[in-house]
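Numbering (the working numbering), first residue to last: 224 to 737.
Quick reminder that beta carbons are idealized off the backbone N, C-alpha and C, glycines included.
Step one of this worksheet: look at the structure below.
The structure is reproduced here in structure tokens:
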């Protein structure tokens with residue numbers, strides 16, 4: 224059976240997050256495609272527990288999939304074994320370009336399903352490796368337990384596959400460029416610049432830092448008076464422009480995409496050189512020409528197979544472009560795009576690690592970090608914690624179902640967020656437990672007022688899919704003192720106060736500063 228992947232964030236436990244971080248470091252350091260595949264096979268088990276992990280690659284000559292790398296028992300599918308593209312689970316992932324989740328039994332009819340079942344395998348997940356929109360193979364994980372994998376396992380495998388595909392694409396691009404380096408001295412010199420760029424960008428932690436590093440490299444290749452990055456926004460057909468250098472030439476934040484050289488580069492998906500603005504009808508070229516610019520390069524940046532924006536370098540001089548320079552700038556664009564991809568994946572991982580998957584609110588981990596950070600910064604006498612426990616929330620799940628319960632949690636989070644200060648932190652730390660981290664500068668008056676507002680706002684009925692749901696809240700409050708200066712201590716004190724509020728009849732609050 225194939226389970227569809229549910230959209231949304233992946234909830235990762237700390238061990239998986241650490242294993243994934245180690246894998247990202249190792250696969251980024253891999254010097255060849257073979258090393259990437261070997262690193263994958265060796266590390267996948269620590270990310271997704273399995274008894275057998277393999278990489279199958281598409282052989283264009285035979286139109287079959289060959290087992291290229293393997294971790295676990297070789298058995299009937301050793302390295303070098305070929306599998307049919309049309310009658311295998313790994314082939315389905317490649318052909319459909321979608322992740323696959325299967326439970327294998329004695330009635331299985333697929334080529335690999337039959338062989339793996341005879342080896343004791345009962346479940347398998349497959350994720351396609353996609354480069355430039357084409358499937359080149361698949362990552363496969365198998366288990367001897369029928370319920371070992373779920374849709375979350377598959378989403379995690381798809382994330383790993385995107386990481387591998389990104390690094391395979393980078394390796395392929397660098398290899399193709401390096402094959403001709405010996406023939407052209409200039410080309411070899413610029414490839415060295417690309418190498419340094421890739422090294423520097425491997426340590427970049429933001430888009431802004433990536434663009435700053437890129438600007439320095441691009442300036443050494445094609446000296447220019449104005450450089451910018453134009454991010455395309457398809458919903459409004461506009462470009463959002465980040466100026467890297469040359470504010471005295473032309474400084475505009477947004478530009479309509481119609482009738483622009485930027486849009487042409489976006490459409491043609493390759494570096495373009497505009498040699499003479501005086502003959503150009505594009506409005507961005509006309510604006511630059513009025514400021515003394517004559518020519519420009521526009522370099523599309525690809526993110527997840529789509530052009531996300533255009534890197535631009537305008538000059539007051541004409542230059543004679545050649546194919547080598549086009550290739551160099553194409554490589555630069557690919558490296559920048561790969562960096563954007565890495566940063567996006569890292570942001571997704573940080574979001575998943577620090578936020579609740581149901582409500583999107585900060586989770587316990589992030590809450591503890593923020594409490595300890597404020598204590599460390601000397602805000603000891605200002606911190607207050609409000610522990611909010613929903614009254615009778617279990618009844619909602621039992622009578623209306625978990626889907627309504629989850630929707631209720633989201634609505635509760637939104638209501639509380641509206642009535643607390645922007646500087647306050649709202650976190651969900653358990654099934655029906657929320658915590659507000661706020662400041663009481665001189666007394667407990669603010670936290671008490673906040674608790675009352677929360678109780679009042681949650682007492683109003685919720686309408687969910689035609690169901691009227693009424694809920695209450697019991698709140699416990701604690702403050703930071705010299706002998707109570709750790710996040711865990713504050714939460715425990717507030718938790719005790721919350722139970723005192725429940726004993727007092729619920730839908731009220733109590734303070735515990737003992």
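CB of residue i within 9 Å of CB of residue j, strictly
i           : j           : result
residue 427 : residue 566 : yes
residue 536 : residue 563 : no
residue 449 : residue 473 : yes
residue 453 : residue 387 : no
residue 591 : residue 711 : yes
residue 677 : residue 658 : no
residue 589 : residue 650 : yes
residue 561 : residue 446 : no
residue 687 : residue 623 : yes
residue 652 : residue 729 : no
residue 383 : residue 613 : no
residue 299 : residue 339 : yes
residue 595 : residue 716 : no
residue 254 : residue 263 : no
residue 274 : residue 365 : yes
residue 259 : residue 390 : yes
Other residues of its chain near residue i: CB distance less than 7 Å, five sequence neighbours each side excluded
i           : result
residue 334 : 306, 307, 310 and 311
residue 724 : 697, 698, 699, 731, 732 and 733
residue 505 : 482, 483 and 484
residue 281 : 288, 317, 358, 359 and 360
residue 508 : 484, 497 and 500
residue 278 : 260, 263, 264, 291, 292, 360 and 362
residue 466 : 451 and 474
Unbroken alpha helix (DSSP H) run spanning residue i, endpoints
i           : result
residue 459 : Premise fails: residue 459 is in no alpha helix (DSSP H) and is neither H nor E.
residue 594 : 587–599
residue 743 : Since the displayed the chain opens at 224 and closes at 737, residue 743 lies outside it and no answer follows.
residue 538 : Counting along the chain, residue 538 falls outside any alpha helix (DSSP H), though it belongs to the beta strand (DSSP E) covering 529–538.
residue 550 : 546–577
residue 676 : 668–682
residue 698 : Counting along the chain, residue 698 falls outside any alpha helix (DSSP H), though it belongs to the beta strand (DSSP E) covering 695–702.
residue 620 : 616–623
residue 473 : No alpha helix (DSSP H) holds residue 473; DSSP gives it neither H nor E.
residue 489 : 484–491
residue 723 : 710–726
residue 661 : Taken as a continuous stretch (DSSP letters only), residue 661 belongs to no alpha helix (DSSP H), being part of the beta strand (DSSP E) at 656–662.
Residue i (DSSP reduced to helix, strand or coil)
i           : result
residue 428 : coil
residue 356 : coil
residue 237 : helix
residue 643 : coil
residue 610 : strand
residue 302 : coil
residue 636 : helix
residue 250 : helix
residue 468 : strand
residue 628 : helix
residue 349 : strand
residue 405 : Low per-residue confidence applies at residue 405: pLDDT is 46, beneath 50, and the placement is therefore not dependable, though the value from the model is reported in the following sentence. Three-state result, residue 405: helix.
residue 732 : strand
residue 501 : helix
residue 342 : coil
residue 262 : helix
residue 526 : strand
residue 334 : helix
residue 271 : coil
residue 454 : strand
residue 316 : helix
Own chain, CB closer than 8 Å to residue i, minus 5 neighbours either side, in chain order
i           : result
residue 540 : 517 and 518
residue 436 : 420, 423, 424 and 427
residue 826 : As shown, the chain starts at 224 and ends at 737. That puts residue 826 outside it, with no answer to give.
residue 354 : 388, 391, 392 and 395
Cutoff 6 Å; reference residue i; Cβ partners in own chain excluding five residues on either side
i           : result
residue 343 : 367
residue 702 : 607 and 736
residue 440 : 416 and 420
residue 315 : 323
residue 240 : 576
Span of the beta strand (DSSP E) around residue i
i           : result
residue 305 : 305–307
residue 294 : 287–295
residue 650 : 648–651
residue 323 : 323–326
residue 282 : 275–282
residue 690 : 690–692
At least 3 beta-carbon pairs within less than 8 Å: the stretch 369–379 vs the stretch 282–296: no
At least three beta-carbon pairs within less than 8 Å, the stretch 682–690 to the stretch 640–652: no
Contact between the stretch 616–635 and the stretch 571–585 (3+ Cβ pairs under 8 Å): yes
Inter-stretch contact (C-beta, 8 Å, three-pair minimum) for the stretch 247–256 and the stretch 356–366: no
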